[in-house]
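Sequential numbering from 1 applies to the sequence shown in full-length UniProt numbering. In what follows, a structure is listed as structure tokens, so that the remarks can point back to it.
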Amino acid sequence: MKIAVTSASGQLGAAVVKQLIKEIGKENVIGIARTPEKAKHLGVEIRKGNYNNRQDFDRALQGVDAVLLVSGMDDPKKRIEQHRNVIEAAKQNGVQKIVYTSIVGDENKTAFSPVVQSNRESEKDVRASGLEWVIGRNCIYIEPDLEYIDNYVEEGEIRNCAADGRCAYTSREELGYAYAQMLLNAKHNGQVYKLVGEAITQADLARIINQVYGTNLTYNPVSVEAYEQERKEALGDFIGTIIAGIYEGIKIGANDVSSDFEKAAGRQHKTAVEMIETIKNL
Ligand SMILES: NC(=O)c1ccc[n+]([C@@H]2O[C@H](COP(=O)([O-])OP(=O)(O)OC[C@H]3O[C@@H](n4cnc5c(N)ncnc54)[C@H](OP(=O)(O)O)[C@@H]3O)[C@@H](O)[C@H]2O)c1
Numbered sequence: 001m002k003i004a005v006t007s008a009s010g011q012l013g014a015a016v017v018k019q020l021i022k023e024i025g026k027e028n029v030i031g032i033a034r035t036p037e038k039a040k041h042l043g044v045e046i047r048k049g050n051y052n053n054r055q056d057f058d059r060a061l062q063g064v065d066a067v068l069l070v071s072g073m074d075d076p077k078k079r080i081e082q083h084r085n086v087i088e089a090a091k092q093n094g095v096q097k098i099v100y101t102s103i104v105g106d107e108n109k110t111a112f113s114p115v116v117q118s119n120r121e122s123e124k125d126v127r128a129s130g131l132e133w134v135i136g137r138n139c140i141y142i143e144p145d146l147e148y149i150d151n152y153v154e155e156g157e158i159r160n161c162a163a164d165g166r167c168a169y170t171s172r173e174e175l176g177y178a179y180a181q182m183l184l185n186a187k188h189n190g191q192v193y194k195l196v197g198e199a200i201t202q203a204d205l206a207r208i209i210n211q212v213y214g215t216n217l218t219y220n221p222v223s224v225e226a227y228e229q230e231r232k233e234a235l236g237d238f239i240g241t242i243i244a245g246i247y248e249g250i251k252i253g254a255n256d257v258s259s260d261f262e263k264a265a266g267r268q269h270k271t272a273v274e275m276i277e278t279i280k281n282l
């Protein structure tokens, strides 16, 4: 059985490839990447695949039994067509199963909702493909917060608009493990899984980071408007608005959802402390 992973040059794609190598050996895993040289280090066959180019995927999916479609990074509307290039190529080239990395989140009320809606559109396309399918809805990755620790320390605080909303953070490593099982085991076909961990508040996050990293952070909530303004100034309008929308989603409970991780992965999700300790010790 040959399994291909798109966006293998990215961190989630790479995490899935690494887990698949452990499960079925590197000769059965194919990485597909827009920038193939960035995926060479994985040690598997790498084929070219830009989501904007259907022909790339007609070639890249030759002889592939199952493909993981990692959601793209472009403007939400553009992503739907990009994902269709992969889905159509999978249909036309004998792929039997497609697994899609979607997202949990509110579909209407925040500045992040257009991204969630675009993921739901791609979910519909995957379900309608006629292939065997599995959908994972990922929660927010914990890694960006940990990469940002120096900034938090400089400011002495974690500041955002999530207030006391809870977020069931996950990590790329946890997702890599779950997606490998979802690709390999037919019992998951036709399932939609919320791939989320333990739900914690921002105050909990500050406390756990302090515990693991020996920092002295506090959590300070600010209004959605103030946070959006601040993030737009720091990151530009597109990303700044999306980041503020993510934290607004946490505030209104969109990321405080029950977990299907154990059903998908066959083991429990790491706790927030375990996950953060693992990443610190990498
Ligand atoms: N749950 C979360 O917290 C969260 C956070 C961020 C993103 N996401 C979503 O999860 C996905 C994967 O995350 P990640 O951690 O792997 O992100 P990442 O490390 O930034 O990697 C992004 C990947 O997308 C690829 N890509 C971008 N445009 C492409 C295109 N037109 N055709 C083919 N590949 C393209 C990049 O290829 P190159 O190497 O060629 O640039 C790279 O491999 C993202 O794409 C996004 O949809 C989720």
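Idealized CB from N, CA, C, for every residue including glycine. In this text the structure is predicted, and so the values were computed from the model without any measurement.
- Scanning the stretch 129-169 from its first residue to its last, the whole beta strand (DSSP E) runs of 3-plus residues come out as 132-138, 157-160.
- Measuring C-alpha to C-alpha distances from Tyr247 to each of Ser223, Gln96, Glu174 identifies Ser223 as the nearest.
- Shortest gap from the CB of Thr110 to any heavy atom of ligand 1: 6 Å or more.
- Under the 10 Å beta carbon count, His269 is surrounded by 16 or more other beta carbons and is classified as buried.
- Secondary structure in the UniProt domain "NAD(P)-binding" (8-135): the beta strand (DSSP E) runs of 3 residues or longer, each lying completely within the stretch, are 29-33, 45-48, 66-70, 97-103 in chain order.
- Secondary structure of Ile252 (DSSP, three-state): coil.
- Counting along the chain, the unbroken beta strand (DSSP E) around Ala4 starts and ends at 3-5.
- Under the three-state reduction of DSSP output, Thr215 falls in the coil class, being neither helix nor strand.
- Pairing Lys194 with Val257 gives a Cβ-Cβ distance under 7 Å.
- Taking 7 Å as the cut-off, the Cβ atoms of Ser122 and Ile149 do not count as close.
- Secondary structure note for Leu282: it is in no alpha helix (DSSP H), with a DSSP letter that is neither H nor E.
- For the pair Lys40 and Gly31, the Cα-to-Cα distance works out to about 9 Å.
- In this chain, the beta strand (DSSP E) harbouring Val192 covers 192-195.
- Of the residues Gly49, Ala66, Glu132, Leu68, the one whose Cα lies closest to the Cα of Arg59 is Gly49.
- Where Ala226 is concerned, the enclosing alpha helix (DSSP H) starts and stops at 224-235.
- Between Ile208 and Ile276, the CB-CB gap stays under 7 Å.
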